[in-house]
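Residue numbers (the numbering used here): 345 to 442.
Remarks on the structure that follows.
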């Protein structure tokens, strides 16, 4: 697992996080100097892309993590990069893909 620093553009529900905040997300991927590691078929977030992420802070550390790996992330920049098209389409329809 790795920690990804992200900028929050919009908050749709709950928590103490606000738009404009910089926060850490526990992602099922990690990077060394020259290697990228990730769990199963998970597609790690790409710097510069915009995502809808579904998070939980019910981790042992209390940090925020993606809910169910690929189920908890929708890539808005590259919609062909989404593993589950049905989840991506529903999230974009419900949250506007802003």
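Glycine included, C-beta positions come from ideal geometry on N, C-alpha and C.
Note that the coordinates shown come from a computational prediction; the quantities given were computed from them, not determined experimentally.
Would you call residue i buried or exposed, if buried means 16 or more other Cβ atoms sit within 10 Å of its Cβ?
i: residue 432; result: buried
i: residue 366; result: exposed
i: residue 416; result: buried
With DSSP collapsed to three states, give me the class of residue i.
i: residue 431; result: helix
i: residue 366; result: strand
i: residue 359; result: coil
i: residue 371; result: strand
i: residue 346; result: strand
i: residue 436; result: helix
i: residue 386; result: coil
Near residue i, what residues of its chain come up, given a Cβ to Cβ distance below 6 Å and the 5 sequence neighbours on each side ignored?
i: residue 408; result: 369, 399, 401
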